[in-house]
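Start counting the sequence shown at 606; every next residue gets the next number (the numbering used here).
Worksheet: one structure, shown below.
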Amino acid sequence: MTEPTWSADAPPSAPAAPAAPAAPAAPAASVPAAGGARAALLAVRGEVAKAVVGQDAAVTGILICLLARGHVLLEGVPGVAKTLLVRAVAQALSVDTKRVQFTPDLMPGDITGSLIYDTATSQFSFREGPVFTNLLLADEINRTPPKTQASLLEAMEERQVSVDGHPRKLPAPFLVAATQNPVEYEGTYPLPEAQLDRFLLKVVLPIPPRDQEIAIVTRHAAGFDPRDLGAAGIRAVAGPADLAAGAEEVRKVQIAPEVAAYIVDIARATRQSPSLSLGVSPRGATALLATSRAWAWMNGRTFVTPDDVKALAHATLAHRLSLRPEAELEGVGVASVLATAIASVPVPR
Ligand SMILES: Nc1ncnc2c1ncn2[C@@H]1O[C@H](COP(=O)(O)OP(=O)(O)O)[C@@H](O)[C@H]1O
Ligand SMILES: [Mg+2]
């Protein structure tokens, strides 16, 4: 078999062997629901597939972010089912979802909510903005000015919003799936690196291969309506309790000192790369730990392997790197620079 290429087309959808928890090594005070939580969360992928053809890496990426309590960047041209995917995941998890189209005139209050004056009672009351949801699709986040971006990033980090000095807690789970349109940069405000660093991982939704595109068109010919996910037969196979139980288990996944050092050495290798002006920060290294742990748990393990780290390295680290202008001119890509950095680090045995 080949290397575990998580971000390519081979996330172990229903991982062949690992699906049966390999000898649960009786972790102290194990959450009884955990085995059930894993099965339920893995089943989400099958439900989403009833609406979305392919794009498995994106579904897995969202699940990893939910388990690790992070947020996700979705990259892909318009029309590759980013919106459909988030709605389908929400349906399969029986959680609420909202979408905000970011525009140049969007104000922070349009996201967080604002105080409304009620003439009947002569009092101000808070009207919740769209951020009060479970899965928030922040579409084309790079179209809105920094002040509005900042209010979203603050909500992501703190899981609450403060309006008029009053902190208001966001619901749990809370995940932001933000899209950045890679096609046009004209009149946009690309997120600065410091803010990209706050997203746990970035998944790329590619244009589907020919056979999958035919499957998409065939589904539509047979009456599939993306606005009616109920009719697509997506069942709510998991819920917030499974996510909470899963997240708890993920936090118990063991990391051997050599594997922790492997993560750090990969981060350090990016900082030494002559092609990069910005390498992975220590925050990025902790992000790789978090995603590797969630991935290990999804595969039924209680410890992280170097292969887990490798499998998640690109999705977790690539968006945190900046190329030097010289490298950019030479047509070097972030992905190949990162691959070289990873390959330069000896894999612990
Ligand atoms: N992989 C896919 N599976 C199923 N339908 C797809 C897929 N890719 C595109 N489509 C169709 O095209 C539409 C893409 O719309 P949308 O989800 O809004 O894309 P995006 O948010 O990426 O712009 C879907 O509603 C669906 O009808
Ligand atoms: Mg969309």
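Glycine residues also receive a C-beta, built at the ideal position from the N, C-alpha and C atoms.
- Residue side-chain check: residue 744 places its Cβ nearer than 7 Å to a non-hydrogen atom of ligand 2.
- When beta bridges are read from the DSSP output, residue 729 appears opposite 722.
- If you draw a straight line from the Cα of residue 683 to the Cα of residue 911, it is about 35 Å long.
- Between ligand 2 and the CB of residue 688, the shortest heavy atom gap is smaller than 7 Å.
- Partner residues in the beta bridge of residue 774, as assigned by DSSP, are 765.
- Shown here, residue 853 sits in a helix according to DSSP, grouped into three states.
- Just so you know, the alpha carbons of residue 860 and residue 670 end up roughly 19 Å apart.
- A distance below 8 Å separates the beta carbons of residue 785 and residue 746.
- Closer than 7 Å to some heavy atom of ligand 1: that does not describe the Cβ of residue 839.
- The C-beta of residue 748 has 16 or more other C-beta atoms within 10 Å across all chains shown, which makes the residue buried.
- Within the same chain, and ignoring the five residues on either side of residue 943 in sequence, the residues whose Cβ sits closer than 8 Å to its Cβ are 875, 918, 919, 922, 923 and 926.
- Taking the CA atoms as reference points, residue 865 sits about 23 Å from residue 881.
- Note that the segment 653-664 touches the segment 680-698; at least 3 beta-carbon pairs, one per stretch, sit closer than 8 Å.
- A residue is called buried when at least 16 other Cβ atoms come within 10 angstroms of its Cβ; residue 805 meets this threshold and is buried.
- Our two residues, residue 641 and residue 847, have alpha carbons roughly 8 Å apart in a direct line.
- If you compare the alpha carbons of 916, 878, 951 and 895 with that of residue 867, the shortest gap goes to 951.
- At the C-beta level, residue 852 and residue 672 come within 8 Å of one another.
- Within the segment 853-914, the runs of beta strand (DSSP E) at least 3 residues long that lie entirely inside it are, in chain order, 881-883.
- A contact between stretches requires three or more CB pairs, one per stretch, nearer than 8 Å, and the segment 828-848 meets this requirement with the segment 687-704.
- Looking at the DSSP output, residue 807 sits in a beta bridge with 678.
- Checking the 7 Å criterion, the Cβ of residue 821 is within range of a heavy atom belonging to ligand 1.
- Closest in alpha carbon position to residue 858, among 896, 651 and 701, is 896.
- Nearest C-alpha to residue 940 among 835, 712, 807 and 901: 807.
- Across the structure, residue 800 and residue 725 are spaced so that their CA atoms are roughly 42 Å apart.
- Counting the other Cβ atoms within 10 Å of the Cβ of residue 737 gives 16 or more, which makes it buried.
- The DSSP-derived three-state label of residue 668 is helix.
- The continuous beta strand (DSSP E) containing residue 782 extends over residues 780-785.
- Going by beta carbons, residue 829 and residue 773 fall outside the 8 Å limit.
- In this structure the segment 757-771 lies against the segment 711-719, because at least three pairs of beta carbons, one per stretch, are closer than 8 Å.
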